Every structure is written in C-alpha cells, then in structure tokens.
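Residue numbers (the working numbering), protein chains in the order written: chain L, 2 to 342; chain Z, 28 to 689. Beta carbons are placed, not taken as given, at the ideal position from N, Cα and C, and that holds for glycine. Owing to the predicted nature of the structure, the values given are computational and were not obtained by experimental measurement. Okay, structure first, notes after.
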C-alpha cells in the first residue's frame, strides 16, 4: 500500500502541474479527492491493513494528502496569475489628484516664521506706505544725509498736501522698529516680514519691489555674539547646514557696531555669477547692534536696554534656497516655474 | 573708489597676499568689490560707506591696511620753501559756508603734460589727464581725500575772493563748458565782477587753468556738507569733490593738502611760491577725546577681549589710547569725524579684532510673552493658502506697482488710484487698487502652455488719497473653468473657515460700482457674510477680457482678507446625531429667471428641522432639491415632515410660483 500511495502522489503531482485552466483543475480535484476519487478510494483500503502497519501508513496518507492539496493551491495561483483576464499592469502611471502649488516665497516665509517662533519671536505686520520719520528719521538717517543715497525711495503723489518726499513707500521693513518700540516696552523679540520698495533699476539681483524680513531683539544683556549666533542658526535652518557664512563690518546709520552677512553663492557654488556679481559671495543678512539714537527715538533708555536688529533679504533667501538665479522669477506667474515647488 | 596697490605701497608696506588683504579689508568694514588687473598693476575696487569720507583717499585706505597689518603709515611732513614774492589776494569768507578757507599762490609755472607716473596713476583711477596743474589737484584729492581747486590767478578780477550763496537763477559756465542755472543756496565764489567757482562741485570756465596760465591760486576749503549736497542734487551734478564734501571733509587736513599740491607744482611745473599760506577759520580743528568703558565694551560685544589686545587695536587705529582703571581715553584724529559715541569705538575694537573670531551664542533672557503692537498671526493666511492649493489652485506673487495701461485695460479710472511721484518707469507707476489686473495677465501668460488655469494671490490693495491711505490684504482667485467650479471652491473655503451666513447676492444693474467695471454685470454676485459685503465673484466682461487678449473670459473672485480674519471661527464640535435623519427629494418646476439661491434660502427658513437643502439635479425648468430633516432630540415622524413639506410647497408657490412636479 505504501508503494501505491507514493505512486499515486507522483502521478497526481505530475497531472496537476500540467493543467492550465481552473475548470480542468477542479475536475482533477474531484477525480482524486472527491467522494469517489482515486485517493479517497485508496484511503478506504486503510481499514483492511494489519494493525501494526496502520499508524505508519496512516501518517504517510496524511502527508500525501497535504502535499496534493498544496499542489492544487499552488497550481491554482499559477493559473490565476497567468490568465489574461486577471492580468494588471501596476507599472501604468497613476492618476494624480489636481493639487496646486504653494509659491516658493510662501514656503520659505512659513519656515522662517516657524524658526523664529521657536526662538521666542513674535510676528508683526505694518504699513508699506510710510512716513519719512519711521523709514529714515527715527532710524538715525538725518534729512539730507548721504546715507540716504543707499536707499532711494519712491514717494507718493500728494498733490501738495504734504511736503514732497514726506510720504514714501518704505525702503526697508526696519521702518517698523520704532513703530513697535514706542508702543510696546522691552524686552522684545520681533520679526516683521513684508514688501519694500526702492527707486532702483531692475536686474538679476535687484528689484524696485522686493521682500524683506526684519527682526530685532531688545533686552538688558543682548550682545553682538547673540546676534552672530542668531544669524548663523537661522540661515543654516532655512537654507541648509552646509552653507558657508562670514561676517563683515559695515555701516548702517541705525546700528553700531554694524554687521553684514555674506553667504557663499549657491547659484554658482562660489565660482562667481551674475547673481553674486562675480564675487562668489552674496550679501544676505545685514544686521547690527541697535544704535542708541534709535532707542532714544522710541523713548527707550539706551543705558538700560540694548539689542540687535537684522534684516533677511527674503526674496534673495528664496532664490538662494532653491538655486534660482534671478529675483524676477519670484514674480513670474509662469506655471512651468510655479509647478516645480 | 579705486586704489592701485603700488600707490598704496607708497604709504604702507603690504605683506598679505592680495586676496587675503581684500577679505581682511572687507571684514573690517572696507568692502572690496573686486580686484582689477591693469597692465602689471592690481587695483582694488572698494565700496566706501557714507560715514567714512576719509576712505575716499589712497592715504585713508593705506591707514586701514596699516591697521590690519599692524604697522605705521609713512606720511611725510612737508616743508615748503619761503615765498619769493607776495602777490595780493583779498579773501572775504563766510564761515557758515566754509568753516575753513585756505589758499596759496604759485607764480611762474609752466603748463605742460604731467610726468608719466602721475599720468599713469590718473589713468588707473579712470581719470583723463589734462595738464600738470589740473592733474596735480586731482592727484592730491585722491591721495589725501581733500579736494582742491586751482584758479588762474590773473583771471581773478581785482584779486578778490568773495564767498557767498547763490541767489538762484544765476548763469554759470563750468570748466568743461557746460552752462548751468544755479540753484539758490549753492556756494559760489565771486571776484570783483563775476562768478568764478561753483564751490565743491565744479570750477568756472572763466578762471580755469589755460595753456597760457602763468600764476595759479590753489584753494582748499571745508565746505558745508548740506549746502553742497542740496546744490548737487538740485543740479543733478555730482563730482568726486562734492561726494567728499557732502560726507564731510577732514577740516584738520586742509593745509597739508595745500602743501602737497604746492610741493608737486614746484617740482613738476617749475613754479615758485608767491604767497604765504592763507588760513582762515573761527575755530581750531584739532583732535578730540572720547572714552570707552571696558565694562560697556564687554556688555555689548558679549566677550572679554584682553586689555592688551584692545589697546593694541586702538593704537593701530592711531587713537593713542590711555587706560585708567576701567576707562580708556582715546584721541580722535580730525579725519575720523565718524567717531562720536562710545558705540563707535566699540565697533572699532570689534571690527579690527575680527567679527569671525566671535563665538556664536543665543540671547539668554526670558522669552517675552506680552503681545506686541502690530502683532499678526499668519494662521488664517496659511489656512487659506493650504486649502486653495489642495483645491488645485496655484499661488502667485505679483508687483504692487502697476501701469496706467493696466488700469485702462481694466476699465478703471486712474483718478482714484494712488500714484508714485517718481516712478522707476511708467510700467510701475500706480499702487494697485485691485489684484484682478495682475492675475488676468498671469492667465494670459500661461494660456499658450495650459488649458485649465487656476490661480490665486494673497496681496495688498492700496486705496485713498494721500496722506489718508489704506492698505488692505486681499485674496483673489481666478479660473478658466466654469463659474460653478470657482463658486464651489469659494463656498467650501468659507465653510472651512467657519464663516457662516454667507450669501451670494446678484448685482443690481444700478448698483454696479465703478471699481468693478471689469466684470460682466449679469454674471456677478456680491459675497456677503452676515449681510456685510466681503467680496465678489463674477465673470470678466468681454471688453476687458479682450483687452487682456483672453478669448474666453475667466471667472474671478476677490475677497477682503480682513473680513475673513474678522468672521472666521474655530471649529466647534457638534456630536453626531443619535436619531436618524429623514431625507427626501423634491422635484420642483421653477419659472424662468428665478434665483435658485433665494429658493434654497426660503426653504431653509421654513423650519429649524430642515438641516440641509441641496440642489441635487436639474433638467430644464425642473430642479430637484434634496432635503435633510433632522431632529436632534428625537426621531422625526413622517407626519411632522409632511406638515413641513406642505408648508414649503405652499410658500414657494405663493412667493415664486413654484410647483411640485407630478
């Protein structure tokens, strides 16, 4: 009987493996394992065996049955996966949802706000149409001072209602410094993102209308090293850990000591291009310790309080982060640009 | 400012390689923009900040290099020979115009071309050599940063110098033969008859150096910065001299500049002194003292720089520090008028020490929690942006400044629009009163490449008549798809912001405001929240669409963002109902030109048990509404619903002549 079982198994497995459709497979199943199937009939002979052979043959029977059943399952799967009506091409491209794109400037702005919030800064917002006092006078730019030449302003037609140049488009978000300081007493940690305007001819790295993000902190013991640390932290967070930054002294009337931050140009990796004026480095974040005259203009005692201020060229930071070589790309509504973000 | 290295080396030994020198100068505040090569010469191109007029000179730059290299500059004192004769010159100075007036006469000069070395250096600075006398005055100005002017002595009528202000309107011809009408307040010099100098800006043709000139008067003055600046701005005329004067000339250095010029003229024009140095002033211009507290230095910088280093830095800047306890007293040379406050000295120490040696720290104080003035939360803006992007719209940023042409294309009168008095170009002359123009242009720009264009912008609008202006944040959404698509987006947006009681009210013909003149009246609705107008949605009319080159008029929605911020609410959780709702469809026959919105409103107002009314389907005049009845406290009976339904049908019939489709 042992021999019969082994031969049956061998025949069965051979037949199963040659069947190519489910219907024949089902018929074969009945032929073998059905009520009057070959295997079923063979098992019925089990009870005629001598008692001492029963356990051994019984075990073998179970094993053979399991193997045959498994062969049916495997063959069924094999038939299923190769039949054309079940065939599915998973390599067909998916159907994308229609989702728009957030402007790269928004993405960077949102990130910056997030970074500064972590450092305890609050966000403020103010007018773009500004007075000469808040934009220049309160920031230690005296009237008729050559320092004003570095930021020529656009001024509003007022039909003689105010003296010319009194109402201007702000040239810097720093215009918000004294506005906020005179209404909120220190300690302060503030950022002010916004649009600024200059009387300037447009090129790849300059515009007459662009975005800045002003920031300042005032407390009893805020130091120049705190300023350097803040700039370093924020730029690495927003643009990338691997950027190269260096600081230089410069002069802005509303800070003393004055700081300029240079970042190795990412548009050309420091080789020099039209964006960084061939220098390999781009000015990205002017800053400094707030000049005592500014605190005084806001009626804050410069003996008790000190602080720093900085300004991120937001438009420039956006182009740097994404390796764009022209500021004007940010106001270009071409969807072939926008859909990359 | 250009500075040839060989010229700098006349005054200071340079050991650093040029690239390192350039960075060290930049780091310490004298920005090197580039290193130019000309022949065998290296020329630094420098950006001079307005506070440092002393750096508009080779000697000034040499001083900075000396500080970096920690060595002394080599500036020799000049001793002139005694005058051989004394020619007369009467000077009447106004000390409010020239705080100091100095001059010198040199006789028997020979006008000829400059020696080669001088000629070459002027070329390196980008100047055009003229003759030895003019070239020497230019050379000395660039060497020392103190402007000089040479007159033909014989052309000073009456040998008389009168310093005064122009009355305005006088005519003046400059050495380069250009005619100017002088602005009132310009500083001028008159001899006994004529205006011979537009001081600090340009010399006069009548008294200029000619080939026949035999005697020169060299004049070096300390001009009032404000008057020079105003005159130069009024004439739109800048010169190297005016740039120095408006920033403030070194009043203590005038006679040195005069002597240096005389020395060169004697050497290269064979002249002889024909006067003593004339030097008129009311004060002495001598160095002044300033103190620096070491405590304050550390408090501002955040690090303690060793005293020895601080003193060495101040010495390298020629400030002669003397330390007593915690205070250092320094003596400021007259060429450093920018050093006025203790903070200025702190910067001097820090910049020479080197900003890149400082450690990086973060402010250690408590984080301020009090809400500041002008505080703004960007939460709603971000919510709106996120929603619109998810709905398939693309965000754009555009300029706030627009052209008159754009306003005309929008059918908008420019009279109520804020104008820039000094625009960069006519393309950017007005502050936009609406965001619609820019977004229409954006659609036009994308048409060649895309079939469906969905855009939005969140930006400011500007209104009012200066000085009373108002800036408001506004949201504009535009699509090339159909009206219902945009309307659905807007409805869902407002819904997500929990702005309730929204109505879209058809615009009445008489009520079409002129600032919406770009819309198609019959396809425009005002958007109201709690009966307050917050924006509009509508189709651009054909005329305006074709002005923008758009064949198919886009649909536009503009919403005042401050209203969004005002009306939006946080989500208030409502438990899911524990009793079943009853839903039924009503197919109604609606007379033509009946607003479906009004019917839905009407149905909703009939019973508080009507939880929702939706337009489910429509065909011709038949519109099917799906009504959801819901009682939150118990199960509704069919009888109750029947009563409400009958009321609905009754009211709709009497108000709108709407009938139930049988």
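Output, in chain order, the set of chain Z residues within a Cβ distance shorter than 7 angstroms of residue i.
i: residue 260 (chain L); result: 382
i: residue 177 (chain L); result: 401
Out of the options, which has the shortest C-alpha to C-alpha gap to residue i?
i: residue 359 (chain Z); options: Z:147, Z:351, Z:529 and Z:368; result: Z:368
i: residue 233 (chain L); options: Z:386, Z:374 and Z:344; result: Z:386
i: residue 34 (chain L); options: L:51, L:68 and L:48; result: L:68
i: residue 595 (chain Z); options: Z:262, Z:523 and Z:317; result: Z:523
i: residue 603 (chain Z); options: Z:134, Z:161, Z:659 and Z:407; result: Z:659
i: residue 153 (chain Z); options: Z:212, Z:30, Z:109 and Z:175; result: Z:30
i: residue 613 (chain Z); options: Z:642, Z:634, Z:71 and Z:599; result: Z:642
i: residue 280 (chain Z); options: Z:128, Z:479, Z:115 and Z:626; result: Z:128
i: residue 490 (chain Z); options: Z:500, Z:482 and Z:484; result: Z:500
i: residue 282 (chain L); options: Z:37, Z:50 and Z:319; result: Z:50
i: residue 555 (chain Z); options: Z:648, Z:223 and Z:534; result: Z:534
i: residue 130 (chain Z); options: Z:370, Z:177 and Z:142; result: Z:177
i: residue 324 (chain L); options: L:333, L:268, L:298 and L:334; result: L:268
i: residue 164 (chain L); options: Z:635, Z:589, Z:670 and Z:493; result: Z:493
i: residue 122 (chain Z); options: Z:310, Z:379 and Z:449; result: Z:310
i: residue 341 (chain Z); options: Z:98, Z:633 and Z:72; result: Z:98
Quick one: list the residues of chain L neighbouring residue i, beta-carbon separation under 9 angstroms, in chain order.
i: residue 446 (chain Z); result: 157 and 158
i: residue 442 (chain Z); result: Near residue 442 (chain Z) there are no residues of chain L at all, since even the closest Cβ is about 11 angstroms away, more than 9 angstroms.
i: residue 393 (chain Z); result: 121, 188 and 220
i: residue 76 (chain Z); result: 148, 151, 251, 252, 253 and 259
i: residue 498 (chain Z); result: 128, 129 and 130
Can residue i and residue j be called in contact, C-beta distance under 8 angstroms?
i: residue 278 (chain Z); j: residue 221 (chain Z); result: no
i: residue 139 (chain Z); j: residue 179 (chain Z); result: no
i: residue 192 (chain Z); j: residue 124 (chain Z); result: yes
i: residue 225 (chain L); j: residue 58 (chain Z); result: no
i: residue 548 (chain Z); j: residue 539 (chain Z); result: yes
i: residue 505 (chain Z); j: residue 529 (chain Z); result: no
i: residue 70 (chain Z); j: residue 45 (chain Z); result: no
i: residue 462 (chain Z); j: residue 488 (chain Z); result: yes
i: residue 23 (chain L); j: residue 74 (chain L); result: no
i: residue 121 (chain L); j: residue 217 (chain L); result: no
i: residue 573 (chain Z); j: residue 552 (chain Z); result: no
i: residue 282 (chain Z); j: residue 304 (chain Z); result: yes
Which residues in chain L sit within 8 angstroms of residue i, going by Cβ to Cβ distance?
i: residue 450 (chain Z); result: 155
i: residue 388 (chain Z); result: 224, 226, 227, 229 and 230
i: residue 343 (chain Z); result: Going along chain L, no residue has its Cβ under 8 angstroms from residue 343 (chain Z), so there is no contact; the nearest lies around 15 angstroms.
i: residue 575 (chain Z); result: None at all; the shortest Cβ gap to chain L is about 13 angstroms.
i: residue 377 (chain Z); result: 225, 250 and 258
i: residue 473 (chain Z); result: 334, 335 and 336
Could you name the residues of chain L that residue i contacts, counting a contact when the two beta carbons are closer than 7 angstroms?
i: residue 494 (chain Z); result: 159, 162, 163 and 168
i: residue 677 (chain Z); result: Neighbours of residue 677 (chain Z) on chain L: none; closest Cβ ~44 angstroms, over 7 angstroms.
Residues of chain Z with CB closer than 8 angstroms to the CB of residue i, please, in chain order.
i: residue 171 (chain L); result: Within chain Z, no residue comes near residue 171 (chain L); the closest Cβ sits about 11 angstroms away, beyond 8 angstroms.
i: residue 180 (chain L); result: 400 and 401
Under 9 angstroms between beta-carbons, which chain Z residues line up against residue i? List them in chain order, please.
i: residue 113 (chain L); result: Per Cβ cutoff of 9 angstroms: no residues; residue 113 (chain L) is ~11 angstroms from chain Z at best.
> How about the region 652 to 660 of chain Z and the region 607 to 625 of chain Z: do they share at least three Cβ pairs that are nearer than 8 angstroms?
Replying inline: Yes, the region 652 to 660 of chain Z is in contact with the region 607 to 625 of chain Z.
>> Counting only Cβ-Cβ distances shorter than 8 angstroms, please list the residues of the region 210 to 230 of chain L near chain Z, keeping chain order.
In response: Those residues of the region 210 to 230 of chain L that come within reach of chain Z (Cβ to Cβ, closer than 8 angstroms) are 210, 218, 220, 221, 222, 223, 224, 225, 226, 227, 229 and 230.
>> So, does the region 264 to 277 of chain L touch the region 81 to 90 of chain Z, judging by three or more C-beta pairs under 8 angstroms?
In response: No, the region 264 to 277 of chain L is not in contact with the region 81 to 90 of chain Z.
> Got a sec: which bits of the region 409 to 438 of chain Z sit with their beta carbon under 9 angstroms from any beta carbon on chain L, in order along the chain?
Replying inline: Taking 9 angstroms as the Cβ-Cβ cut-off against chain L, the residues of the region 409 to 438 of chain Z that qualify are 409, 412, 413, 415, 416, 417, 418, 419, 420, 421, 422, 423, 424, 425, 426, 427 and 428.
> Can you list, in chain order, the residues of the region 233 to 247 of chain L whose Cβ is nearer than 8 angstroms to any Cβ on chain Z?
Replying inline: Taking a C-beta cut-off of 8 angstroms against chain Z, the contacting residues of the region 233 to 247 of chain L are 233, 234 and 247, listed in chain order.
> How do the region 498 to 514 of chain Z and the region 575 to 584 of chain Z stand: do at least 3 beta-carbon pairs fall below 8 angstroms, yes or no?
Replying inline: At 8 angstroms Cβ cutoff, the stretches touch.
>> Assess contact between the region 404 to 413 of chain Z and the region 227 to 245 of chain L, defined as three or more Cβ pairs (one per stretch) separated by less than 8 angstroms. Is contact present?
In response: The region 404 to 413 of chain Z makes no contact with the region 227 to 245 of chain L; the number of CB pairs closer than 8 angstroms stays below 3.
> In chain order, what residues of the region 505 to 538 of chain Z put their CB closer than 7 angstroms to some CB of chain L?
Replying inline: Across the region 505 to 538 of chain Z, no CB contact with chain L closer than 7 angstroms is found for any residue.
> Would you call the region 140 to 151 of chain Z and the region 205 to 217 of chain Z in contact, with 3 or more CB pairs under 8 angstroms?
Replying inline: With contact defined as three or more Cβ pairs closer than 8 angstroms, the region 140 to 151 of chain Z and the region 205 to 217 of chain Z are not in contact.
> For the region 83 to 104 of chain Z, which residues have a beta carbon sitting closer than 7 angstroms to at least one beta carbon of chain L?
Replying inline: From the region 83 to 104 of chain Z, no residue has a Cβ closer than 7 angstroms to chain L.
> Using a beta-carbon distance cut-off of less than 8 angstroms, what residues from the region 316 to 328 of chain Z approach chain L?
Replying inline: Under the 8 angstroms Cβ criterion, the region 316 to 328 of chain Z contributes 326, 327 and 328.
> Taking any Cβ of chain L, which residues in the region 33 to 57 of chain Z have a Cβ under 7 angstroms from it, in chain order?
Replying inline: Going along the region 33 to 57 of chain Z in chain order, one finds 53, 54, 55 and 56 with a Cβ nearer than 7 angstroms to chain L.
> If contact means a Cβ-Cβ distance below 7 angstroms, which residues of the region 584 to 596 of chain Z contact chain L?
Replying inline: Listed by position along the chain: nothing, the set is empty.
> Taking a cut of 7 angstroms between CB atoms, which residues from the region 165 to 181 of chain Z lie near chain L?
Replying inline: The residues in question: there are none.
>> Output needed in chain order: residues of the region 244 to 278 of chain Z with a Cβ under 7 angstroms from some Cβ in chain L.
In response: Under the 7 angstroms Cβ criterion, the region 244 to 278 of chain Z contributes 253, 256, 257, 273 and 274.
> Quick one, which residues of the region 289 to 312 of chain L are near chain Z if we go by CB-CB under 8 angstroms, in chain order?
Replying inline: Hits within the stretch, in order: 290, 292, 293 and 307.
> Can you list, in chain order, the residues of the region 113 to 143 of chain Z whose Cβ is nearer than 8 angstroms to any Cβ on chain L?
Replying inline: The residues in question: there are none.
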